[in-house]
Amino acid sequence: MDIPLAEGVLSPSSTEMRPEPPNSLDLNGSQPRRIKLTAPNINLSLDQSEGSILSDDNLDTPDEIDINVDDLDTPDEADSFEYAGQEEQTAAKDASQEESESIPEYSAEEEREDNRLWRTVVIGEQEQRIDMKVIEPYKKVISHGGYYGDGLNAIIVFAACFLPDSSRTDYNYVMENLFLYVISTLELMVAEDYMIVYLNGATPRRRMPGLGWMKKCYQMIDRRLRKNLKSFIIVHPSWFIRTILAVTRPFISSKFSSKIQYVNTLAELHEMIPMEYVHIPDSIVKLDEELREASETAKTSCLSNDPEMASVEQDIDMTLK
1 MDIPLAEGVL SPSSTEMRPE PPNSLDLNGS QPRRIKLTAP NINLSLDQSE GSILSDDNLD
61 TPDEIDINVD DLDTPDEADS FEYAGQEEQT AAKDASQEES ESIPEYSAEE EREDNRLWRT
121 VVIGEQEQRI DMKVIEPYKK VISHGGYYGD GLNAIIVFAA CFLPDSSRTD YNYVMENLFL
181 YVISTLELMV AEDYMIVYLN GATPRRRMPG LGWMKKCYQM IDRRLRKNLK SFIIVHPSWF
241 IRTILAVTRP FISSKFSSKI QYVNTLAELH EMIPMEYVHI PDSIVKLDEE LREASETAKT
301 SCLSNDPEMA SVEQDIDMTL K
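By the count of UniProt numbering, the sequence shown reaches residue 321 at its end, each step adding exactly one.
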């Protein structure tokens with residue numbers, strides 16, 4: 001199909017209407033010469049006849065391409081293109097890779113060890129978890145002291161000197177877990193009747209349990225345990241513990257109040273219960289010796305200086321007994 005040229009635009013007869021092409025530079029210094037170009041006749045045909053742009057001759061591609069690969073310039077590592085932020089992403093990737101590599105694998109043995117650091121107990125029909133790792137230094141606070149009388153009457157020893165210091169930042173957390181440990185251990189140790197020997201001596205004020213903690217312990221003890229408690233013996237009672245018990249007496253049952261006994265020396269305790277399996281910490285043994293020596297010195301001084309004071313001292317001893 002022939003496409004005719006628009007009349008007056010590209011026809012040879014209208015060359016004067018066409019704009020003149022720009023002048024070339026005069027390299028020889030002569031005057032510029034005007035050259036008029038005439039447009040050739042263009043015959044476009046879409047068939048594949050000879051001379052068409054779709055003919056086989058025009059569509060053929062050369063079989064061989066003469067390219068010398070050695071002459072081509074290929075980019076090296078120094079010419080590589082780096083976009084903005086590539087260094088940050090690379091550094092972040094390396095950091096995350098190092099972090100992932102620094103996390104050790106969790107072996108089966110470590111998993112079993114982790115399970116041993118937590119103990120699940122049931123207290124008051126509720127399941128509780130105890131952090132055994134945090135209370136490890138304070139587990140000596142409660143121990144089994146053997147049996148007394150006939151049957152399985154257990155002696156439970158509570159040593160206040162092994163309690164945590166209240167200056168700890170995690171004191172409340174430690175006491176909460178220690179409370180669960182004491183209650184759950186008490187239930188395991190007690191089968192029938194039992195007594196509690198509370199070793200109060202050699203315990204600084206900052207390690208003394210608070211009133212709320214002791215009240216919570218008493219309230220959380222199972223009803224069977226409260227009923228089977230036959231005696232609560234306090235060894236080396238201080239004025240602080242006496243004051244607490246005096247203040248709380250109206251709020252506790254009269255039955256429990258009647259079970260409280262004060263013991264001033266280990267010798268008196270030995271007369272009340274078998275001491276074969278009762279573990280007494282060295283600090284309490286040392287305190288008991290110091291108190292006994294101080295008491296004997298005071299008695300000797302009173303006897304030598306005033307016979308009347310000696311009789312008063314004997315009356316006090318009889319009252320305490």
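Backbone N, C-alpha and C define an ideal beta-carbon position, used for all residues, glycine too. Bear in mind that the values here come from a model prediction, so they are computed numbers and not experimental data.
Inclusion of residue 201 and residue 287 in the CB contact set at 8 angstroms is warranted, their separation being smaller than that value. Beta bridge pairing from DSSP links residue 196 with 156, 232. Sequence-distant Cβ neighbours of residue 131 in its own chain, meaning closer than 6 angstroms and more than five residues away, are 177. Looking from the CA of residue 232, the closest CA among 240, 213, 195, 217 belongs to 195. Per DSSP, the beta-bridge partners of residue 262 are 234. Taking 4 residues as the shortest admissible run, the segment 162-224 contains the following complete alpha helix (DSSP H) segments, listed from N- to C-terminal end: 171-189, 211-220. Taking all protein chains shown into account, residue 147 has 16 or more neighbouring C-beta atoms within 10 Å of its C-beta and is therefore buried. Per the coordinates, the alpha-carbon of residue 299 lies some 52 angstroms from the alpha-carbon of residue 122.
In this structure, residue 235 lies near residue 197, with their beta-carbon atoms less than 8 angstroms apart.
Here residue 131 carries a strand assignment [DSSP, helix/strand/coil].
Closest in C-alpha terms to residue 258, from the list 291, 159, 250, comes 250. Counting only residues of its own chain and dropping the five nearest sequence neighbours on each side, residue 230 has a CB closer than 6 angstroms to the CB of 193, 195.
Assignment of residue 253 by DSSP, reduced to helix, strand and coil, places it in the coil class.
In the DSSP annotation of this structure, the continuous segment of the beta strand (DSSP E) that includes residue 122 starts and ends at 118-123. Contact annotation, residue 163 with residue 209: C-beta distance approximately 6 angstroms; criterion of less than 8 angstroms satisfied. Taking a contact as a CB-CB distance under 8 angstroms, the pair residue 244 and residue 211 counts as one, their CB atoms being some 6 angstroms apart. The C-beta separation of residue 206 from residue 167 comes to about 6 angstroms, placing the pair in contact by the 8 angstroms criterion. Assignment of beta-bridge partners to residue 148 by DSSP yields 153. Residue 199 is positioned such that its CB atom lies closer than 8 angstroms to that of residue 158.
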